[in-house]
Amino acid sequence: MYKQLTNFVQDIYQTNEFIPLHAPTFSGNEKAYVCNAIESTYVSSVGKYVTDFEQHIELYTGTAKAVATVNGSAALHTALFMAGVTAGDLVITQALTFVATCNALYHMGAKPVFVDVSRTSLGLCPKATEDYLTDFVQMNSQGECIHKSTGQRIRAVMPMHTFGHPVELDELLAVCRRWNLQLIEDAAESLGSYYKGQHTGTIGEYGAVSFNGNKIITTGGGGMVLCKSLDDGVHTKYVTTTAKVPHPYEFYHDEPGFNYRMPNLNAALGCAQMEVLPKYLEQKRQLALQYQEFFNCSDFQFVEEPEYAQSNYWLNAVICPDKTSRDELLQTTNEAGVMTRPIWQLMHRLPMFESALRGDLSVSEWLEGHLINLPSSPIDLAG
Ligand SMILES: Cc1ncc(COP(=O)(O)O)c(C=O)c1O
Numbered sequence: 050m051y052k053q054l055t056n057f058v059q060d061i062y063q064t065n066e067f068i069p070l071h072a073p074t075f076s077g078n079e080k081a082y083v084c085n086a087i088e089s090t091y092v093s094s095v096g097k098y099v100t101d102f103e104q105h106i107e108l109y110t111g112t113a114k115a116v117a118t119v120n121g122s123a124a125l126h127t128a129l130f131m132a133g134v135t136a137g138d139l140v141i142t143q144a145l146t147f148v149a150t151c152n153a154l155y156h157m158g159a160k161p162v163f164v165d166v167s168r169t170s171l172g173l174c175p176k177a178t179e180d181y182l183t184d185f186v187q188m189n190s191q192g193e194c195i196h197k198s199t200g201q202r203i204r205a206v207m208p209m210h211t212f213g214h215p216v217e218l219d220e221l222l223a224v225c226r227r228w229n230l231q232l233i234e235d236a237a238e239s240l241g242s243y244y245k246g247q248h249t250g251t252i253g254e255y256g257a258v259s260f261n262g263n264k265i266i267t268t269g270g271g272g273m274v275l276c277k278s279l280d281d282g283v284h285t286k287y288v289t290t291t292a293k294v295p296h297p298y299e300f301y302h303d304e305p306g307f308n309y310r311m312p313n314l315n316a317a318l319g320c321a322q323m324e325v326l327p328k329y330l331e332q333k334r335q336l337a338l339q340y341q342e343f344f345n346c347s348d349f350q351f352v353e354e355p356e357y358a359q360s361n362y363w364l365n366a367v368i369c370p371d372k373t374s375r376d377e378l379l380q381t382t383n384e385a386g387v388m389t390r391p392i393w394q395l396m397h398r399l400p401m402f403e404s405a406l407r408g409d410l411s412v413s414e415w416l417e418g419h420l421i422n423l424p425s426s427p428i429d430l431a432g
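Basically our numbering = 1-based index in the sequence shown + 49.
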């Protein structure tokens with residue numbers, strides 16, 4: 050199986066050279082737009098491409114307002130800030146995520162509470178979240194959600210759409226409404242993924258997208274805050290651009306802001322990448338179908354999109370029958386130059402989050418021992 054998989058991936062990408070997990074692809078107007086930005090001299094924090102890119106994302110996702118940032122981590126930080134998370138607060142999230150989700154909380158002075166993921170979505174499980182809240186939390190007279198053992202306020206729930214597969218958002222929204230919590234979506238990996246026809250990152254109060262080099266489209270480095278309300282969006286833009294009160298020459302800032310704006314150079318790349326996004330999504334879907342067929346009738350279970358969703362299949366994944374086969378698969382493929390990768394170390398195993406509050410994490414821990422990511426760069430399979 051391991052050798053067959055190696056050959057299969059090498060055939061798909063038509064090379065025996067190193068095959069990365071996800072490489073950026075520039076097949077459209079990237080060079081032209083970046084050169085145009087340079088020629089205009091607007092390479093930094095203002096310029097037409099920033100506005101254009103934000104508008105592209107608004108049109109594509111249907112969000113009320115999109116605010117471009119330097120990266121996805123900054124977008125997450127901004128989203129938490131705008132949602133009113135403050136130092137000392139707790140935020141429910143998943144232990145199965147990339148560290149940036151929890152770093153954003155850390156830098157707010159807030160702490161994660163780890164709740165298990167669902168086997169179907171690989172993202173935050175609504176039932177596990179409800180069960181945790183029922184067991185450990187009580188509402189105070191102001192309608193705030195207070196952790197019984199620490200007395201800290203739980204302010205928000207922050208699911209992550211793992212590898213582009215949308216979490217069960219209706220159910221999570223219902224939990225948030227019952228407990229008076231904000232929903233913030235870490236949609237860093239899920240541009241092009243839809244939950245029941247609605248784009249991920251637009252269902253919670255705020256969503257954060259990443260355009261890092263390994264994502265479905267890239268701006269080199271970049272991110273976007275998706276804001277559910279236009280007013281909040283306008284304020285988000287203000288806060289990410291140093292909160293400067295508009296004036297022809299005076300410099301006056303009326304609240305603590307961030308300098309998180311995306312440079313025009315990066316936004317130029319983003320505008321060109323948006324033009325090829327539909328093609329990449331189709332190519333990635335075809336690739337996922339090929340993997341699915343390959344693993345059919347084997348002990349390995351390919352991770353398919355949940356039935357309620359349309360995933361971007363950012364990173365393809367397969368669940369191995371046991372840890373031994375997972376380790377053998379990792380070793381054989383990587384030795385042959387076909388990059389495969391285990392899931393991230395779960396967040397509660399990292400030194401800065403090991404003392405975080407947590408519920409039962411048995412699904413996350415089971416997935417940690419069984420799941421592998423497969424090469425997933427977009428490729429034209431038709432030739
Ligand atoms: C789940 C998740 N959250 C946040 C981020 C942060 O994005 P960035 O690398 O653009 O800061 C990433 C990706 O890198 C991610 O995968």
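Beta carbons are placed, not taken as given, at the ideal position from N, Cα and C, and that holds for glycine.
Predicted model, so just to flag it, every value in this text is computed and none were measured.
DSSP has Ser425 in a bridge; who is on the other side?
Answer is none; Ser425 lacks a bridge partner.
Looking only at DSSP bridge pairs, what is Asn63 linked to?
For clarity, residue 63 is Gln in the given sequence; the question names Asn instead. Its beta-bridge partners do not exist; DSSP assigns none.
With DSSP collapsed to three states, give me the class of Leu318.
DSSP places Leu318 in helix when its eight states are reduced to three.
Rounded to the nearest angstrom, how far is the Cβ of Val206 from that of Leu221, given a contact under 8 Å?
In this structure Val206 is in contact with Leu221, their Cβ atoms being roughly 6 Å apart against a cut-off of 8 Å.
Cβ-heavy atom distance between Asp235 and ligand 1 below 7 Å?
yes
What does a CB cutoff of less than 6 Å around Ala128 pick up in its chain, not counting 5 residues either side in sequence?
Ile233, Tyr255, Ala257, Val274
Short check: CB of Ser94 to CB of Arg310, under 8 Å?
yes
Is Ala149 near ligand 1, with its Cβ less than 7 Å from a heavy atom?
yes
Considering only heavy atoms of ligand 1, does any lie closer than 7 Å to the CB of Gly270?
yes
Range covered by the alpha helix (DSSP H) that runs through Ile87
In the DSSP annotation of this structure, the continuous segment of the alpha helix (DSSP H) that includes Ile87 starts and ends at 79-89.
Would you kindly work out how many angstroms separate the C-alpha atoms of Ser425 and Phe344, rounded to a whole number?
15 Å
Going by CA-CA distance only, name the one from Pro305, Phe260, Gly250 that's closest to Gly269.
Phe260
Nearest to Gly111 by CA position, among Gln231, Thr178, Leu240, Pro161, is which residue?
Leu240
Same chain, Cβ closer than 6 Å to Gln341, five either side skipped, listed in chain order
Phe351
Name the DSSP beta bridge partners of Phe130, please?
Answer is none; Phe130 lacks a bridge partner.
Given 7 Å as the limit, tell me if Thr146 has its C-beta closer than that to any heavy atom belonging to ligand 1.
In this structure, the C-beta of Thr146 approaches ligand 1 to less than 7 Å from one of its heavy atoms.
Please determine whether the Cβ atom of Leu125 lies at a distance below 7 Å from any heavy atom of ligand 1.
Yes, the beta carbon of Leu125 sits closer than 7 Å to at least one heavy atom of ligand 1.
Distance CB(Ala113)-CB(Gly282) smaller than 8 Å:
The beta carbons of Ala113 and Gly282 sit closer together than 8 Å.
Measure the alpha-carbon distance for Thr211 versus Gly386 and round it to whole angstroms.
The straight-line gap separating the alpha-carbon atoms of Thr211 and Gly386 is approximately 25 Å.
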